[in-house]
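*Asks:* Please see the structure below; I have some questions.
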Amino acid sequence: MTKINIKSVVKNIINGLFPPRCRGCGVSGEYLCGCCKKYISENMKASIIQEKGELFRARFLGFRDEILGEMVEEAKYYSVRGLFLEIAEVVYLGYFSKMTKESREEVVLVPMPTSRKHIRERGLDHMDMIAREIERLSGGEIRRVRLLSRAKDTVQVGASEKVRRKQAKEAVQINSAIDFGKYKDARVVILDDVWTTGASLTEAGRILKEAGILKVEALAITKNRPRKKPVIRQGEVD
Ligand SMILES: [Zn+2]
909 MTKINIKSVV
919 KNIINGLFPP
929 RCRGCGVSGE
939 YLCGCCKKYI
949 SENMKASIIQ
959 EKGELFRARF
969 LGFRDEILGE
979 MVEEAKYYSV
989 RGLFLEIAEV
999 VYLGYFSKMT
1009 KESREEVVLV
1019 PMPTSRKHIR
1029 ERGLDHMDMI
1039 AREIERLSGG
1049 EIRRVRLLSR
1059 AKDTVQVGAS
1069 EKVRRKQAKE
1079 AVQINSAIDF
1089 GKYKDARVVI
1099 LDDVWTTGAS
1109 LTEAGRILKE
1119 AGILKVEALA
1129 ITKNRPRKKP
1139 VIRQGEVD
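In the working numbering, each residue's number is its place in the sequence shown (first place is 1) plus 908.
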């Protein structure tokens, strides 16, 4: 028996009755209108989270409370295919399309494997879908390769940081069906939707390095905003 995702069915019925609205400006017709897509991607900054440890470099593209972050949350919650594809396009336009063709051709994009439980619930593997769409939008210049697979089904939502770290160590493994020698010198970019503590991505990086990949990066689409407010220097308005 096929399991039906009620949330997704309801959402799709609603979308059938009412055409989607732009998540940026509310204009009717698309999940993200051309104007908002252009604005978000042109202003997208690939901020560096860290440059040490298991990951050669970890970047994120926007905060969770911004439009792109809200789209990610909504797409995951309701498993809306169209929203995931818009997210992939914004990531492509805002990040990968700004690289040179030569750089794009070096990239091996590795989707962070999703737990089987979530894939069942959502009826789709959202990170693989996003990576696949980025590959398609790049005209094949970027290669999507599933170097990682899921080891044990753990779900990280709500778990404490300590538990998360432990779970991360058990969650991902290398995909044994792949010849890693082919990707040894590639620029391997692990793609994930949210950077929370970085535990899963760091662990994924460690596993890939152990498997012989020399340069492993992480790219998170969104990240939590820091809890502490930055210190604002006074007296700069004149
Ligand atoms: Zn718009």
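No residue lacks a Cβ here, since even glycine has one placed at the ideal position from N, Cα and C.
#1: Tell me whether A966 sits in a helix, a strand or coil according to DSSP, three-state version.
#2: On the three-state DSSP scale, how would you describe F992?
#3: Output needed for A1126: all residues of its chain with C-beta closer than 6 Å, excluding positions within five of it in sequence on either side, in chain order.
#4: Can you give me the Cβ contacts of E947 inside the same chain, cut-off strictly under 8 Å, excluding the 5 residues immediately before and after it?
#5: Near L1055, which residues of its chain fall below 8 Å by C-beta distance, leaving aside the five closest residues on each side in sequence?
#6: With ligand 1 as the reference, list in chain order each residue whose Cβ lies under 6 Å from any of its heavy atoms.
#7: Give every residue of the same chain whose Cβ lies closer than 6 Å to the Cβ of R1051, excluding the five residues on either side of it in the sequence, and list them in chain order.
#8: Where does K1123 sit, in a helix, a strand or coil, going by DSSP?
#9: With distances taken between CB atoms, is the gap from P1021 to V1102 smaller than 8 Å?
#10: What runs of the alpha helix (DSSP H), each 4 residues or longer, lie entirely inside the region 1024-1098?
#11: Taking 8 Å as the cut-off, does the region 933-940 touch the region 988-997 (at least 3 CB pairs, one atom from each stretch)?
#12: Since L1109 is in the alpha helix (DSSP H), which residue starts that stretch and which ends it?
#13: Bridge partners for T1130 per DSSP, in chain order?
#14: Just confirm the distance between the C-beta atoms of M952 and F992, as a whole number of angstroms; I'd bet it's less than 8 Å.
*Replies:* Inspection of the coordinates gives the following:
#1: Secondary structure at A966: strand, using DSSP grouped into helix, strand and coil.
#2: F992: helix per DSSP, three-state reduction.
#3: Cβ within range, chain order: L963, A966, I1098, L1109.
#4: Contrary to the premise, residue 947 reads as Tyr rather than Glu in this sequence. Within the same chain, and ignoring the five residues on either side of Y947 in sequence, the residues whose Cβ sits closer than 8 Å to its Cβ are G932.
#5: Counting only residues of its own chain and dropping the five nearest sequence neighbours on each side, L1055 has a CB closer than 8 Å to the CB of V1016, V1018, I1082, N1083, I1086, F1088, Y1091, V1096, L1116, A1119, I1121.
#6: Having a Cβ closer than 6 Å to some heavy atom of ligand 1 are C930, G932, C933, V935, C941, C943, C944.
#7: For R1051, same chain residues with a beta-carbon under 6 Å away, outside a window of 5 residues either side, are V1016 in chain order.
#8: Strand, per DSSP.
#9: No.
#10: If we require 4 residues or more, the alpha helix (DSSP H) runs fully inside the region 1024-1098 come out as 1024-1030, 1034-1045, 1069-1079.
#11: Because the criterion of three Cβ pairs below 8 Å is met, the region 988-997 and the region 933-940 touch.
#12: Element bounds for L1109: 1107-1118.
#13: Answer by DSSP bridge pairing, in chain order: G970, V1102.
#14: The pair is not a contact, with the Cβ atoms about 17 Å apart (cut-off 8 Å).
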